[in-house]
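A short worksheet on the structure shown next.
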Amino acid sequence: MTLESVAAADRFVDLAGLLESCEVDGFRADFLSWGHYQPEYWRNYWHSHSFHEVCLAYSGAGRFNSGDTEYDVQPGAVFLARPGDVHEIESSRSEPLGIAFWGFTFRPATSGNRPVASTVDLGWWSGLTRPDGPVLSHRVGSLPALITALAAEAAAPVSGYSTALTALGSTLVMETARAFALGEDLAVEPVRRERGPVVVEAMQRHLRDNLSRPITVRDVAAVAHLSERHAERLFHQQTGASIMSTLRRLRLELAAQLLLDPSMTVTDVARACGYSDVRPFSTAFRRHYGRTPGDHRRTGGTEFV
Numbered sequence: 001m002t003l004e005s006v007a008a009a010d011r012f013v014d015l016a017g018l019l020e021s022c023e024v025d026g027f028r029a030d031f032l033s034w035g036h037y038q039p040e041y042w043r044n045y046w047h048s049h050s051f052h053e054v055c056l057a058y059s060g061a062g063r064f065n066s067g068d069t070e071y072d073v074q075p076g077a078v079f080l081a082r083p084g085d086v087h088e089i090e091s092s093r094s095e096p097l098g099i100a101f102w103g104f105t106f107r108p109a110t111s112g113n114r115p116v117a118s119t120v121d122l123g124w125w126s127g128l129t130r131p132d133g134p135v136l137s138h139r140v141g142s143l144p145a146l147i148t149a150l151a152a153e154a155a156a157p158v159s160g161y162s163t164a165l166t167a168l169g170s171t172l173v174m175e176t177a178r179a180f181a182l183g184e185d186l187a188v189e190p191v192r193r194e195r196g197p198v199v200v201e202a203m204q205r206h207l208r209d210n211l212s213r214p215i216t217v218r219d220v221a222a223v224a225h226l227s228e229r230h231a232e233r234l235f236h237q238q239t240g241a242s243i244m245s246t247l248r249r250l251r252l253e254l255a256a257q258l259l260l261d262p263s264m265t266v267t268d269v270a271r272a273c274g275y276s277d278v279r280p281f282s283t284a285f286r287r288h289y290g291r292t293p294g295d296h297r298r299t300g301g302t303e304f305v
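Structure, rendered in structure tokens:
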């Protein structure tokens, strides 16, 4: 989504009464205002709030005065008045300023009387909690997309809208804070995960999901977008078994469970486990479990005593 989409998101104002609060990472936000100004000349004079007010400029130009500092505002600028900040905003007369804005309180959530999150620890939230942090940023990130999605939900609520709005609202709060957080406050340890285990998990999932269907190594390799040779080598490296031997084991383990269902014939079980004929199924089952499918059913799946 782009700033042009924000220009069309005038139903952003309809979030009033639909999205009132959310919690994210141990913090609670109560939403107090939603607004969307079309690009016409306007000015709000010096004032302050008891909450955070955030504006995203999507067109035109203007100025944002915060304390003793004046900032030029252009499309793509997001600017913030923290609680108690005395500020004013004025649109340009020749290039009227269009903005979307939202206001919310922000504080640690509590469990009983105990804070769940601490504002001492640094993280994305420091963009809101640092009293000396920046008040103007061009790191809009996903804010245009979030504003557009929130406006769309507000314009035509359907079943599930409350859950969707809460999730979008939580992300809006976090992305707002990220825009004003210092780089060192956002830094985390790199998350690294070897691709091998992830790919093999996908291949194993494909096997489990298709036990009743004909499966070849080619089919499984295609799921991981690998050559058959590479898929087989990676699978064996991670599991110690081949793809087809794993398929046989999974099919027979499923068969052992299904045989305990008296409503299914042995033929039904064989077909549910990918065998088109009972004879090869029975042979494979006896080789794996040391007893026939019928014996397994008669003993309720327990070993002979």
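With the UniProt record's numbering applied, the sequence shown closes on residue 305, and no number is skipped along the way. From the three backbone atoms N, C-alpha and C, an ideal C-beta is built for every residue, glycine too.
Subject >> Proximal residues to A202 (C-beta, below 8 Å), its chain only, five neighbours per side dropped >> reply: Excluding positions up to five away in sequence, the list reads V223 and A224.
**OP:** Measure from the alpha carbon of G60 to the alpha carbon of each residue in H52, T69, W42 and E53, then state which is nearest.
**Re:** Looking at H52, T69, W42 and E53, the one whose alpha-carbon comes closest to that of G60 is W42.
Original post:
What distance in whole Å lies between the Cβ atoms of A181 and G127, which are believed to be in contact at a cut-off of 8 Å?
Top reply: Confirmed, Cβ separation roughly 3 Å.
Original post:
Whose CA, out of R82, V24, C22 and V135, lies closest to the CA of V73?
Top reply: Of R82, V24, C22 and V135, the residue nearest in Cα terms is V135.
Original post:
Among the residues of its own chain, which have a CB less than 6 Å from the CB of L19, if the five just before and after it don't count?
Top reply: Closer than 6 Å at Cβ, skipping near neighbours: F31, L165 and G169.
Subject >> Three-state secondary structure (DSSP) of A152 >> reply: In this structure, A152 counts as helix in the three-state DSSP scheme.
**OP:** In angstroms with no decimal places, state the Cα-to-Cα distance between F138 and V78.
**Re:** The question names Phe, yet the displayed sequence has His at residue 138. Cα to Cα, the separation comes out at about 6 Å.
Original post:
Are the stretch 81-88 and the stretch 52-59 in contact at 8 Å, needing three or more beta carbon pairs?
Top reply: Yes, they touch.
Original post:
Less than 9 Å separating the beta-carbons of G67 and E90?
Top reply: It is not a contact, given that the beta carbons lie outside the stated cut-off.
Original post:
Residues in its own chain within less than 8 Å of G300 by CB, not counting five upstream and five downstream?
Top reply: L260.
Original post:
Could you check where the alpha helix (DSSP H) with P293 kicks off and where it finishes?
Top reply: Following the DSSP letters along the chain, one finds P293 inside the alpha helix (DSSP H) bounded by residues P293 to R298.
Original post:
Are there 16 or more other CB atoms within 10 angstroms of the CB of Y37, so buried, or fewer, so exposed?
Top reply: Answer is buried; the Cβ neighbour count reaches 16.
**OP:** Would you identify the three-state DSSP class for Y45, choosing helix, strand or coil?
**Re:** DSSP places Y45 in strand when its eight states are reduced to three.
Original post:
Quick check: the stretch 233-243 against the stretch 251-265, are there 3 or more CB pairs under 8 Å?
Top reply: Of all C-beta pairs linking the stretch 233-243 to the stretch 251-265, fewer than three are shorter than 8 Å, placing the two stretches out of contact.
Original post:
Could you check where the alpha helix (DSSP H) with L247 kicks off and where it finishes?
Top reply: Run containing L247: I243 to L258, per the alpha helix (DSSP H) assignment.
**OP:** Provide the residue span of the alpha helix (DSSP H) that contains T239, from first to last.
**Re:** E228 to T239 is the span of the alpha helix (DSSP H), which, as asked, contains T239.
Original post:
Does the Cβ-Cβ distance between F106 and T129 come in under 9 Å?
Top reply: Contact: yes.
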